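Counting with our numbering, you get residues 2 to 353 for the letters of the sequence shown.
The structure appears below as structure tokens.
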Amino acid sequence: MMNKNIVIAVALSGGVDSLTAGYILKNRYKDVFGIHFTTGYEKEPVDLSLIEKQLGFPVTGIDLSKEFEKKVVQYFIHTYLQGKTPNPCIICNKEIKFGNLLKHAQNMGADYLATGHYATVVNQISSGGDCYLEKGEDLLKDQSYFLAMLSKAQLEKIVFPLAKMSKKSVKQFAESKNLKPIHKKESQDICFIHDKDFGKFILKKEAIIPKAGVIKDVDNKIVGHHQGVHKFTIGQRRGINCPAKEPYYVQNIDIKNNTLKVCFKKDLFKQTLTVSDIIWNGSKNLQLSEDTMVVRDIITKIRYSHKGGLSTLSLNKTCGEVIFDEPQNAITPGQAAVFYKGTRVLGAGIIQ
């Protein structure tokens with residue numbers, strides 16, 4: 002158990018999850034304070050006094066707009082312009098929430114940073130055990146996928162009060178304590194793009210001129226034209242607008258030749274993928290060595306909504322290859338591959 006005398010900072014967005022996390026912690030520990038960070042993309046400012054009145058402890062605003070623009074927004078744009086599909090939530094967690102924000106919290110005297118994520122940190126360093134990430138109790142809400150690229154050093158400084166709670170129980174708890182979210186509607190999409198038009202956002206940010214190009218099928222036959230490859234991602238169906246006996250899906254994005262490759266749904270399935278930039282936090286008997294390590298019978302998720310597939314990982318330091326037992330749909334470069342053994346997160350990397 003964590004020492005009662007530790008200092009905990011709670012990241013507070015003003016939503017029901019973070020408010021509940023804050024309320025739980027203020028009743029467990031003596032020294033708790035709140036921090037609310039801004040990205041520069043908020044629709045409207047949050048009145049921090051409304052949060053303070055509900056939770057009964059001070060909340061400080063932190064401006065991380067410059068860091069967010071550089072580390073998250075620019076990453077998002079440049080990844081799309083390379084013909085890949087970014088995952089800004091994973092990068093935001095790694096670089097902003099548990100990077101810059103954690104450092105701010107520590108500079109303000111905090112020993113730990115707490116958030117309202119639905120995930121579990123097991124055996125934190127204060128208990129003397131190995132520290133690793135597991136799924137949250139509510140598997141429908143579990144957010145371990147988005148946290149899988151956090152380092153062990155980051156996990157050692159994180160608290161997830163909602164780990165054993167379901168979304169339903171959190172809402173019931175909040176109502177029972179008269180906690181009222183500052184924003185009624187939860188954000189389900191990328192927070193810095195309010196109209197869901199990725200292509201428009203990229204053009205505005207980069208001031209580039211979209212370049213029309215051809216669309217080819219699996220036989221290399223021209224079946225249509227596009228108005229800019231930045232509008233597409235692997236597996237996308239919407240926006241292709243090429244009549245055929247069945248719907249086309251994006252199979253490949255050729256940035257160099259400004260060409261979209263499309264196929265029918267059955268052709269999207271692949272059995273292997275390569276992955277780079279791997280963060281590994283497997284158990285002690287699965288630690289990396291100089292030689293390639295083979296980890297069998299693990300579940301690999303290739304996107305948040307993917308149920309995961311049984312697979313074998315051949316890993317050499319920070320690069321690896323995944324072979325699935327069964328082909329998987331729309332393996333997408335730029336997305337994260339996250340490796341699980343049961344409920345435990347072994348590691349994650351970026352699909353190439």
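Glycine included, C-beta positions come from ideal geometry on N, C-alpha and C.
Everything numeric in this text was worked out from a predicted model, so none of it was measured.
**OP:** Have a look at LYS85 and GLY57 and give me their C-alpha separation to the nearest angstrom.
**Re:** Within the sequence shown, the letter at position 84 stands for residue 85. Within the sequence shown, the letter at position 56 stands for residue 57. LYS85 and GLY57: Cα-Cα distance of roughly 45 Å.
**OP:** With a floor of 4 residues, list each alpha helix (DSSP H) that falls wholly inside the segment 227–299, ordered by position along the chain.
**Re:** none
Original post:
Can you name, in chain order, every residue of its own chain whose Cβ lies under 7 Å from the Cβ of PHE193, other than the five neighbours on each side?
Top reply: What you label residue 193 is simply residue 192 of the sequence shown in a count that begins at 1. If we look at PHE193 and ignore the five residues flanking it on each side, its Cβ neighbours are THR40, TYR42, VAL74.
**OP:** Within its chain, find whatever has a CB closer than 8 Å to the CB of ASN258; leave out the 5 residues flanking it on each side and keep chain order.
**Re:** By one-based count along the sequence shown, residue 258 stands at place 257. Result list for ASN258: GLY214, in chain order.
Original post:
Once you ignore the five residues that flank ILE299 on each side, which residues in its own chain have a CB closer than 7 Å to its CB?
Top reply: Taking the first residue of the sequence shown as position 1, residue 299 is located at position 298. If we look at ILE299 and ignore the five residues flanking it on each side, its Cβ neighbours are SER312, LEU314, PHE340, TYR341, LYS342, LEU347.
Subject >> Start-end ranges of the beta strand (DSSP E) lying completely within the segment 122–161, minimum 3 residues >> reply: 133–136
Original post:
Within this structure, are the beta carbons of LYS302 and HIS195 separated by less than 8 Å?
Top reply: Residue numbering aside, residue 302 sits at position 301 when the sequence shown is read from its first letter. Residue numbering aside, residue 195 sits at position 194 when the sequence shown is read from its first letter. Result no, Cβ atoms of LYS302 and HIS195 do not sit closer than 8 Å.
Subject >> Which residues DSSP lists as bridging GLY350, in chain order >> reply: Within the sequence shown, residue 350 is the residue found at index 349, counting from 1. GLY350 is bridged to ALA338.
Subject >> Three-pair Cβ contact test at 8 Å for the segment 160–167 versus the segment 22–33 >> reply: yes
Original post:
What first and last residue would you give for the beta strand (DSSP E) that runs through PHE34?
Top reply: Against the sequence shown, residue 34 aligns to sequence position 33. First-last of the beta strand (DSSP E) with PHE34: 32–39.
**OP:** Using beta-carbon positions only, say whether LEU269 and TYR250 come within less than 8 Å of one another.
**Re:** Here residue 269 refers to the residue found at position 268 of the sequence shown. Here residue 250 refers to the residue found at position 249 of the sequence shown. Contact flag set, yes.
**OP:** Helix, strand or coil for THR21, going by three-state DSSP, please let me know.
**Re:** Your numbering for residue 21 matches position 20 in the sequence shown. Reduced to three states, the DSSP call for THR21 is helix.
**OP:** Quick one: grab the DSSP three-state call for GLY15.
**Re:** Here the question's residue 15 lines up with position 14 in the sequence shown. GLY15 falls in the coil class under three-state DSSP.
Subject >> Residues of its chain near GLY200, where Cβ-Cβ distance is below 7 Å and the 5 sequence neighbours each way are ignored >> reply: Your numbering for residue 200 matches position 199 in the sequence shown. Contacts found: GLY229, HIS231, LYS232.
**OP:** Could you check the C-alpha separation between PRO89 and LYS71 for me, to the nearest Å?
**Re:** For the purposes of this step, residue 89 is identified with residue 88 of the sequence shown, where counting begins at 1. For the purposes of this step, residue 71 is identified with residue 70 of the sequence shown, where counting begins at 1. Distance between the alpha carbons of PRO89 and LYS71: 12 Å.
Subject >> DSSP beta-bridge partners of LEU311 >> reply: Mapped onto the sequence shown, residue 311 falls at position 310. Partner(s): ILE300.
Subject >> For GLN83, the nearest candidate out of GLN336, PRO46, LEU141 (CA to CA) >> reply: As a position in the sequence shown, residue 83 is number 82, starting the count at 1. Minimum Cα distance to GLN83 is reached at GLN336.
Original post:
In whole angstroms, what is the alpha-carbon distance linking LYS178 and GLU157?
Top reply: Here residue 178 refers to the residue found at position 177 of the sequence shown. Here residue 157 refers to the residue found at position 156 of the sequence shown. Answer to the nearest angstrom: the Cα atoms are 30 Å apart.
Original post:
Quick one: Cα of LEU13 to Cα of GLY23, how far?
Top reply: Working through the sequence shown from its first residue, we reach residue 13 at position 12. Working through the sequence shown from its first residue, we reach residue 23 at position 22. Approximately 8 Å, taken between the alpha carbons.
Original post:
When you compare only the Cα positions, how much space is there between PHE34 and LYS205?
Top reply: Taking the sequence shown and counting its residues from 1, the one referred to as residue 34 is at position 33. Taking the sequence shown and counting its residues from 1, the one referred to as residue 205 is at position 204. So the alpha carbons of these two residues sit roughly 38 Å apart.
Original post:
Are there 16 or more other CB atoms within 10 angstroms of the CB of GLY110, so buried, or fewer, so exposed?
Top reply: Position 109 of the sequence shown, counted from the first residue, corresponds to residue 110. Exposed, by the Cβ-count rule.
Subject >> Residue span of the alpha helix (DSSP H) that contains CYS90, given as start and end >> reply: Within the sequence shown, the letter at position 89 stands for residue 90. Its alpha helix (DSSP H) spans residues 89–92.
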